[in-house]
Amino acid sequence: MFNATLSFAQQKDAQDELRKFSNEFYFPQHNNRNAIYFCGNSLGLQPKNVASAIQQELKDWQNLGVGGYLHAKNPWLYYQHNFSQPLAGIVGSKEKEVTVMNTLTVNLHLILLSFYHPTKNRFKIMMEAGAFPSDQYAIETQVRFYGLDPDEAIIEITPRDGEKLIGDEDILAAIEKNKESLALILFGGINYYSGQVFDMKEITGAAHRAGAIAGFDLAHAVGNIPLQLHDWDIDFAVWCSYKYLNGGPGAVGGAYVHERYTQNKDHIRLAGWWGNDEKTRFKMEKGFVAKPDASGWNISTAQVFNMVSLKASLEIFEQTDIQSLRVKSEELTAYLEFLLNSLDNLDFEIITPADKEKRGAQLSLFFKEDGKAIHQKMIDDGIVLDYREPGVIRVAPAPLYNSFEDVYRFYEILKNFK
Ligand SMILES: *Cc1c(COP(=O)(O)O)cnc(C)c1O
18 MFNATLSFAQ QKDAQDELRK FSNEFYFPQH NNRNAIYFCG NSLGLQPKNV
68 ASAIQQELKD WQNLGVGGYL HAKNPWLYYQ HNFSQPLAGI VGSKEKEVTV
118 MNTLTVNLHL ILLSFYHPTK NRFKIMMEAG AFPSDQYAIE TQVRFYGLDP
168 DEAIIEITPR DGEKLIGDED ILAAIEKNKE SLALILFGGI NYYSGQVFDM
218 KEITGAAHRA GAIAGFDLAH AVGNIPLQLH DWDIDFAVWC SYKYLNGGPG
268 AVGGAYVHER YTQNKDHIRL AGWWGNDEKT RFKMEKGFVA KPDASGWNIS
318 TAQVFNMVSL KASLEIFEQT DIQSLRVKSE ELTAYLEFLL NSLDNLDFEI
368 ITPADKEKRG AQLSLFFKED GKAIHQKMID DGIVLDYREP GVIRVAPAPL
418 YNSFEDVYRF YEILKNFK
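So for the sequence shown, our numbering puts the first residue at 18; every next one is plus one.
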């Protein structure tokens, strides 16, 4: 059903209802034309509406000073409210279950302080082997914080011998096996290196049957694949906003907490005034009263300039929906896979699952040799993508701004290598 021709790619673009969104983004330039940008899994492109959104906040600050908290076009006191609706749609939750604050690894630490309470018998955390390093460091130092030995307290699930992917059934079996001692599981929704999607629903069910908390790092899943955090009964999730959400470098992070906890004001957390009920926040009295939603985990004043670009970016997501993006994404990635599989001049293996249900927008190409040099050659030819040790070039066509023609041009450049 696919063809390795430019005219086929252009015909697919002509039929694509989401094609118009690529005009909403700035592309880096290479030889006076748009670079082929396949790095939205690392840093999404800048939406063109960001500059005016930042200008608006600058103007309100300039004209109103402190009055901006109540009288800015988007009052800063309630700034986080702007995110609940779009994010709930993207992650599949109730509006009250999501918030934005801080950054990803900071949120992971804070949420673990709220959900990880090791006891003598139940103290283990399970995660995927080869998780993103920041998550590994976070978990390692969390268990040390409680005086535990990472070798005893952390269970890493690895692929079977000779395999590159972790079997969901191996995760489920390991949860069952450790059901007496397991306190919490933390998996990526999608592993950053392999691009593998984990079965969040099944893993959560197994964790709960074992009496453990189920949390996920959705850095590579949010804005990429449809999620149903509430219906899957996930306890908490955290993510960053600068990958597929296009919120810009270091943009505010996101968090989801299931309503069974948000409604419990006594659920333990480290608090600050921004998580306190707005009605009593400025009474400056003793006694923290948590807001009965995910923003009850907010600590500090809204970081408006760290949020405004995400606000602007989500306005673009609001013009479509994650299901439509996913339909295009599956085709775009399948076309990339089809073209890559027809190359015979480069020696690599696609380690990302071939099953479209088990992957998002990213294909990871594993080069036994010369991966780094080949990556450099791609960069020199105006293709933006990244290299991750050992040996993997990650290629991520983002459905919001990438086209079938981008994928074809990428293939054409590779075809002429060597
Ligand atoms: C991108 C990414 C991070 C980065 O964390 P920051 O705190 O935003 O620097 C962490 N974890 C995963 C899984 C990621 O993909």
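For every residue, glycine included, the Cβ atom is placed at its ideal position computed from N, Cα and C.
The distance from the Cβ of Arg376 to that of Val214 is about 6 Å, consistent with a contact at the 8 Å cut-off.
Within a 10 Å sphere around the beta-carbon of Phe42 sit 16 or more other beta-carbons, which makes this residue buried.
The beta carbons of Ala146 and Ile192 sit about 15 Å from each other, so the pair does not count as a contact at 8 Å. Rounded to the nearest angstrom, the Cβ distance from Asp216 to Asp185 is 4 Å, consistent with a contact under 8 Å. The beta carbon of Thr136 sits closer than 6 Å to none of the beta carbons in its chain outside the five residues before and after it. When C-beta atoms of the stretch 233 to 246 are compared with those of the stretch 302 to 311, fewer than three pairs fall below 8 Å, so the two segments do not count as touching.
Burial is judged here by how many other beta carbons sit within 10 angstroms of a residue's own beta carbon; Val344 has fewer than 16 and is exposed. Ser381 carries a strand assignment under DSSP once its states are collapsed to helix, strand and coil.
Sorting Lys385, Ile220, Leu353 by C-alpha distance to the C-alpha of Lys373 places Leu353 at the top. Apart from sequence neighbours up to five positions away, the residues of its chain that approach Ala52 with a beta-carbon distance below 8 Å are Phe44, Pro45, Gln46, Gly399, Ile400, Val401, ordered along the chain. A heavy atom of ligand 1 is found nearer than 8 Å to the CB of Gly205.
Exclusion of the five residues before and after Val160 leaves Ile142, Pro167, Ala170, Ile171 as the residues of its chain whose Cβ lies within less than 7 Å of its Cβ. For Asp397, the closest alpha carbon among the candidates Ile430, Pro64, Phe322 is that of Ile430. Following the DSSP letters along the chain, one finds Glu145 inside the beta strand (DSSP E) bounded by residues 141 to 145. Relative to ligand 1, the beta carbon of Thr158 is positioned no closer than 8 Å to any heavy atom.
The alpha-carbon separation between Leu327 and His88 amounts to approximately 21 Å. Closest in alpha carbon position to Asp152, among Val67, Lys435, Gln63, Cys257, is Cys257. In terms of side-chain proximity, the C-beta atom of His88 is found no nearer than 8 Å to any non-hydrogen atom of ligand 1. With a 10 Å radius around the Cβ and a threshold of 16 neighbouring Cβ atoms, Asn58 comes out buried. Its chain contains Ala70, Ile71, Glu74 as the residues whose beta carbon lies nearer than 6 Å to that of Val325, once the 5 sequence neighbours on both sides are disregarded; these appear in chain order.
Per DSSP, reduced to three states, the secondary structure at Val269 is coil, with no helix or strand assignment.
Ligand 1 has no heavy atom closer than 8 Å to the beta-carbon of Leu127.
Note on geometry: alpha-carbon atoms of Trp314 and Asp30 lie some 43 Å from one another. Secondary structure of Pro64 (DSSP, three-state): strand. Inclusion of Thr120 and Val269 in the CB contact set at 9 Å is warranted, their separation being smaller than that value. Under the three-state reduction of DSSP, Asp234 is assigned to strand. For Phe25, the enclosing alpha helix (DSSP H) begins and ends at 23 to 32.
Chain order is used for the residues whose beta-carbon lies nearer than 6 Å to a heavy atom of ligand 1, namely Thr120, Leu121, Thr122, Phe149, Ser151, Asp152, Gly205, Tyr209, Asp234, Ala236, His237, Cys257. Linking Ile230 to Asn49 through their CA atoms gives a straight-line distance of about 51 Å. Going by beta carbons, Gly267 and His237 fall outside the 9 Å limit. Excluding sequence positions up to five before and after Asp77, its CB lies within less than 7 Å of the CB of Gly85, Ala89, Lys90, all in the same chain and listed in chain order. Assigned with DSSP and collapsed to three states, Arg226 falls in helix.
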